[in-house]
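Protein chains in written order, with the working numbering: chain X, 23 to 350; chain A, 3 to 396; chain U, 562 to 866; chain P, 850 to 1100.
Below is one structure, written out as structure tokens, with a few remarks after it.
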Amino acid sequence: MMSKEALLNTALMALLLLVPLGAWFADEPFLITLTTRAVIFGIAGIGLNFALGLGGLVSLGHAAFFGLGGYVMGVLAYHAQTYTSLMTWPFELPGTTAMTIIWLVAICLSALLALGIGALSLRTSGVYFIMITLAFAQMLYYFAISWPAYGGEDGLSIYVRNRFVGLNTMDPIQFFMVCYGLLLLVLGLVWAMARSAFGLALGAARQNEERVRALGQKPQRLYLTAFVISGAITGLAGALFADLNRFVSPTMFSWQTSGEIMIFVILGGVGRVFGPVAGAALFILLEYSLGGLSDYWHVYLGAILLGVVLFARGGIYGLIAGREVAHD
Amino acid sequence: MTFKPFAKPFALPASLAASLALLASAGLGPIAGQAQAAGVKVGMITTLSGGGAGLGIDVRDGFMLAIKQSGRNDVEVVIEDDQRKPDVAVQLSDKMIQSEKVDVLTGIIWSNLAMAVVPGAVAQGKFYLSPNAGPSPLAGKGCHANYFNVAWQNDNLHEAAGAYASGAGHKNAFILAPNYPAGTDALAGFKRMYEGELAGEIYTKLGQTDYASEIAQIRASGADSVFFFLPGGMGISFLKQYADSGVGLPVVGPAFSFDQGILQAVGAAALGVKNTSQWSKDLDSAANKAFVDSFQAEYGRLPSLYASQGFDTANLLLSALAKADVSDADAFRAALEAADFASTRGDFAFASNHHPIQDIYVREVVKEGDVFTNKIIGLALEDRSNAYVDDCSM
Amino acid sequence: MSLVLFIEQVLNGLQFGVMLFLMAAGLTLVFGVMGLINLAHGSLYMVGAFAAAATAAATGSFVLALIASLVFAAFAGVLIEVLVIRRLYERDHLDQVLATFALILIFSEGTRWLFGSFPLFLDKPDWLSGTVGLPFGIVYSRYRLAMILVGLAVAVGLFWMIAKTRIGIRIRAGENDREMIAALGVNISLLHTFVFALGAALAGFAGALIGAIQSVQVGMGEPVLILAFVVIVIGGIGSIKGAFVGALLVGLTDTLGRFLLPVLFRLAMEPSAANAVGASLASMSIYLLMAGVLLFRPRGLFASQ
Amino acid sequence: MTDPILEIRGLTKSFGALSVSQAIDLDLRPGEIHALIGPNGAGKTTLVKQIAGALQPDSGSVRLAGQDVTRLSTAARARLGMGRTFQISSLAMDYTVLQNTVLGALCHRGDVFRFFRPVMKDAALLEAARRALDEVGLGALEAQRTSELSHGQRRQLEVASALTLEPKAFLMDEPMAGLGVEGSQHMMGFLDSLRDRAPILLVEHDMDAVFSLADRISVLVLGEIIASGSVSDIRSNPLVRSAYLGEDEAA
């Protein structure tokens, strides 16, 4: 028999697939774009959830990775489209419009950034950790605004989406399928990692650092590894998001972006592998349904978020699927 | 300033319907789009919530006033709030083009949002009429046959400020702007027309609200005048603090910090400041008088620069519609290029890169009764086009 | 660069720092006593500024406006403490971050609903306008000087209250041991409401003082909020002394950084580029300061344990 | 005499003016249970922390199996063979009993950084974990969530977790607390048999348990070891009687 959680997972993934497919038949391309947005935000949330839900690392600076992923896309595509090189010394490095290469670079650079930020931030914990991650993201935000080479505050437009072998990525449904495929891949990897030796040890460190130490492992190493994986996933989402919009700007680095990614995680259910996907989908739905009700729709959004925190702990998954069942 | 604290928010039937359709389709499966009526469908993406909403609301109100006055009921306007976020603006433009199937887009206030939306929209064959932002790339190498700017090229008002400063005999100006592309463009624009020396040049942090440090540097610099470009709340803060500092040098700036909406928040600190604008509510033309009166009658407040731009944008659109059908892109484009409408700012024509050729005035901030407002005191640049015409190969 | 200019910049940094302290004091107290991260603290700052602007517009009195800022911000503080915040004390930081983030949305759009989208007008009174001459030929804004003095007076008052009064003893006890204070028979929930209202009043007061020389507008609280967080993290969360030192450090670093960095880069680069690079680095300077402090003292300069 | 497994020499620690450990000497030899007793506030917990590596002493040394570990972290000491149980249960409360034990076996094997194979299907780890659970008598409860266990059962789980490390020495902080009569009996019998696998440094309140189990007893009072010896030595030591057992008017 399927557990409630498994049922919810299946329903969610089916809905995310069926809505765009239906929209495709009905020629409502914007609905496809909207779902793509939810899928990409879902991936960003999965990234944060890996550090936050599994490792207990409350990062308010994941916009740093989201933004970096976006700029990797923007910069590489910009150089490829203008036939210029990223650098000419010590070796010539051209840009590219191949999505797969862009993803790889985004993942690697975000992981590297997460390694740096994590190594420094993990010297602290608790509120200090929240604030220092926020500070690092703010640093990148101001840097992106004032660095003129790639548009500064104006951002960078790339007009056409990057290439993916055999597909016309400008067609909303095809680009959606690419993102959906990546979502499945990321979900699969995270699902596996949560059940792996690393996942077991990381979860134990979140619940009780002393225990892990007494068993001969250093919690900091577990945290740092989790933070790097987390940053890499969010960086991938950033690259996809920039490709969806064909545009990247410093807004992706802003602290509101970090806050929104955190909202996806909490709305869906902290620590639930599929939670951020549900959270992102609900957020997009709220944004577009409330946005039509009133100019002041942020008030309603705020009230709903507040309600979730105060009365629906555990988010959508906590509400529907109940307490998390210890997995085996 | 007149507030209507509990005024009913502008009804957005189209977007509401769209949201309901979205909800319905999410649950019940997609419904087919409605058949299109004749006439034209306009998508307006502008800032209606959060910081800077005042500008978007003015553009929208000015635009809708013109549509209302035209008496045409075949112009459908879909209005959406971009929240001043570039990614939201891009999503909305996708929505306008893909779902709403609009013919013309307009409304964007901020250059960075315009840079995100315009190139993609015009590449898909839509017309874009800019009621405010005029970033230099869109005037130069990135110009496009379907992109028309009805306000100004971003540099224009700064160039006028530079010209005015030279004309007024300022020889040693201190200039400052936020450290972002529009800021660097502003200082470049000023320097293009300014002939004197610079006592100092400062880039401030975007969103900065305390200018004590900069004002101290102005005081120490030996400058004879100050030029600043600090849009929104930044300008309010600067002016209040500058007036209080007792530095007392003459100040020149573009109209953005002296707009009707902002001026009341600055108060007496702005009195006497010179600013450059392509429009002013006291411009002596029949079209402008009619606009100012009808705007006040409709909304119960004085119109702003942005409202005039929204109004002109709609009238340009209407003038083109009277001549050609929007489905005939070439004819419609030619009709837009003719700019055959009564602009609130007097003579108006398009340069070859589809940016305005217009007079730019110098205004002074004065107090009329209880209200702070602007009065025209002269002409800074006559029939000014822009510096990027030659970069545009259209 | 003259010495006079440098001293004036130091005064500016001091003034900025003192105002940051008013914001940071409430944040750090609320964290120290109740263990709560309050992102909505910036909204209380905004409430104070709007209350002051509305009162000044209605009565024309700046003093009444300042009083209104204290009263309304404290009232808003009590309101959200009773309705929302007190449910969050026992929650983890994550819930607190999200709930108070939601409060920001409600406050910001609610204020826009009430007051419209345009900035409001608030000006300092005539008797505080203009400049004063200080020794060494320094000419300085009378109002800013008043802000420094008022801020320092509030700081002294706060230190005195915490160190000497009965309520201060309870606050300190609450920081050290929440159960003990309940055992002492103190009405803990009243104490929490009081501390929260006090922090809110200070933030609102800062909002009104700063609103008079800046722009009273929706969203004015968030940039200050982030700075205030930087302050208390540098100072050590929960420490009033830390908040004071941190505020002055941040104020001076920001002001002097903006002023000195471009000068520094002009030694090596052509002026326009130097200004741009200097400005970029200056906008990152306080975050670099914070990262630096946390590297060497992971719990801030005046960590409570 | 065989070399001690755990050897503590001159361990000294003070917090400001308060001296919590004063030149403490203590050792643990193969095959023995060495009990550490003392009244509340004697400094037992701080001493255990210093031995385990959670607290740095001001001076003195700790040697484990001949190696100086004074400067090593808790994790490093655990890897060298120190199996610790806590006074207040320190477990991953959201995990099942089996998960907590598999965690121990995994950490002992050391390959924590494996990302894709499901750890709860690893036969070797499961076998080690189940063996440890059976030894402490928790075998039947392996699917229970740890937070749902009684205090006594958590104690047992702590011991099982320490067992999976196959340590060279056990450091047990009040393993009998909260067990009840029957549980205590069972645990005592178990600890009795455990001493042949690895010696136990036992901090315990339950005097009956201490006197029936221990080979040697050391008495800690106000941060000082005031007596150390066999059960009968301690029973008859007048210092202990006055300071600890409170038979003197000075108490």
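Positions of the beta carbon are idealized from the N, C-alpha and C atoms, including for glycine.
As the structure is a computational prediction, the values presented were derived from the model and not from experiment.
**Request:** Could you spell out the range, first to last residue, of the alpha helix (DSSP H) harbouring A:N355?
**Result:** From DSSP, A:N355 is part of no alpha helix (DSSP H); its letter is neither H nor E.
**Message:** Just to confirm before moving on: does the CB-CB distance between X:N184 and X:A99 stay below 9 Å?
**Reply:** yes
**Prompt:** Do you know offhand how far X:R228's Cα is from X:V292's?
**Reply:** 13 Å
**Prompt:** From A:L24 to A:D332, what distance separates their C-alpha atoms?
**Reply:** Confidence at A:L24 is low in this model, with a pLDDT of 44, below 50, so its placement is unreliable and the value that follows should be read with caution. A:L24 and A:D332: Cα-Cα distance of roughly 34 Å.
**Prompt:** How would you call U:F697, buried or exposed, if buried means at least 16 neighbouring beta carbons within 10 angstroms?
**Reply:** exposed
**Request:** Return yes when the Cβ of U:M580 is within less than 9 Å of the Cβ of X:I154, no when it is not.
**Result:** no
**Message:** Tell me the DSSP secondary structure of A:G380 in three-state form.
**Reply:** strand
**Message:** Quick check: what's the CA-CA separation for U:R705 versus U:N573?
**Reply:** 8 Å
**Prompt:** In chain order, what residues of the same chain lie with their CB nearer than 7 Å to the CB of U:L605, ignoring the 5 residues before and after it?
**Reply:** A634, A637, G638, A761, A764, G765
**Message:** Quick check on the burial criterion: 16 or more other C-beta atoms within 10 angstroms. Buried or exposed for A:D392?
**Reply:** exposed
**Asked** Does the beta carbon of U:W721 sit closer than 9 Å to a beta carbon anywhere in chain X?
**Response** no
**Prompt:** Going by C-alpha distance, which of X:M192, X:G324, X:I255 is nearest X:L17?
**Reply:** Outside the displayed span of chain X (23 to 350) sits residue 17 of chain X, for which this structure offers no information.
**Message:** Considering only DSSP beta bridges, list what A:I204 is partnered with.
**Reply:** A:L178
**Contacting positions in the stretch 97-128 of chain X - beta carbon closer than 9 Å to chain A** = none
**Asked** Between A:G269 and chain X, is there a C-beta pair that is closer than 9 Å?
**Response** no
**Request:** Give a yes or no on whether the C-beta atoms belonging to A:I167 and A:F192 are separated by under 9 Å.
**Result:** Per the sequence presented here, residue 167 of chain A reads as Ala, with Ile not at that position. Contact flag set, yes.
**Request:** Give a yes or no on whether the C-beta atoms belonging to A:A341 and A:A351 are separated by under 9 Å.
**Result:** yes
**Asked** Rounded to whole angstroms, how far is the Cβ of P:I886 from the Cβ of P:V1080, which I believe are closer than 8 Å?
**Response** Not a contact, Cβ separation roughly 11 Å.
**Asked** Should A:Q360 be labelled buried (16 or more other beta-carbon atoms within 10 Å of its own) or exposed?
**Response** buried
**Message:** Against chain U, with Cβ distances strictly below 9 Å, would A:A340 count as a contact?
**Reply:** no
**Request:** Determine the closest residue to P:G988 out of P:S1010, P:K970, P:P967, with distance taken between C-alpha atoms.
**Result:** P:S1010
**Request:** Please name the residue, chosen from A:V268, A:V104, A:D105, A:G136, that lies closest to A:G118 on a Cα-to-Cα basis.
**Result:** Sequence check: residue 118 of chain A is Ala here, not Gly. If we check each option's Cα against that of A:A118, A:G136 comes out closest.
**Asked** chain P partners of X:N230, CB-CB under 9 Å?
**Response** S939, L940, A941, M942
**Run of the alpha helix (DSSP H) containing A:S247, from where it starts to where it stops** = 235-247
**Prompt:** Would X:N190 count as contacting chain A if we go by Cβ distances under 9 Å?
**Reply:** no
**Request:** Note down, in chain order, every chain P residue with its Cβ under 7 Å from the Cβ of X:F220.
**Result:** V961, F962, R963, F964
**Straight-line gap, A:G234 to A:I264 (C-alpha atoms, nearest Å)** = 7 Å
**Request:** Provide the residue span of the alpha helix (DSSP H) that contains A:H160, from first to last.
**Result:** 158-169
**Asked** What residue range is occupied by the uninterrupted beta strand (DSSP E) comprising U:V700?
**Response** 699-702
**Asked** Does the distance from the CB of X:L38 to the CB of X:A303 come in under 9 Å?
**Response** yes
**Asked** Does DSSP put A:Y301 in a helix, a strand or coil?
**Response** helix
**Asked** Are the C-beta atoms of X:P298 and some chain U residue less than 9 Å apart?
**Response** no
**Prompt:** If we ignore side chains and look at the alpha-carbon of each, how far apart do A:V275 and A:P252 end up?
**Reply:** 7 Å
**Item:** Contact with chain A by U:M781, beta-carbon distance below 9 Å
**Value:** yes
**Message:** Can you find the residues in the same chain that come closer than 6 Å, C-beta to C-beta, to A:G255, ignoring five residues on each side of it along the sequence?
**Reply:** F230, N277
**Request:** State buried or exposed for X:Y339, treating a residue as buried only when at least 16 other CB atoms are found within 10 Å of its CB.
**Result:** buried
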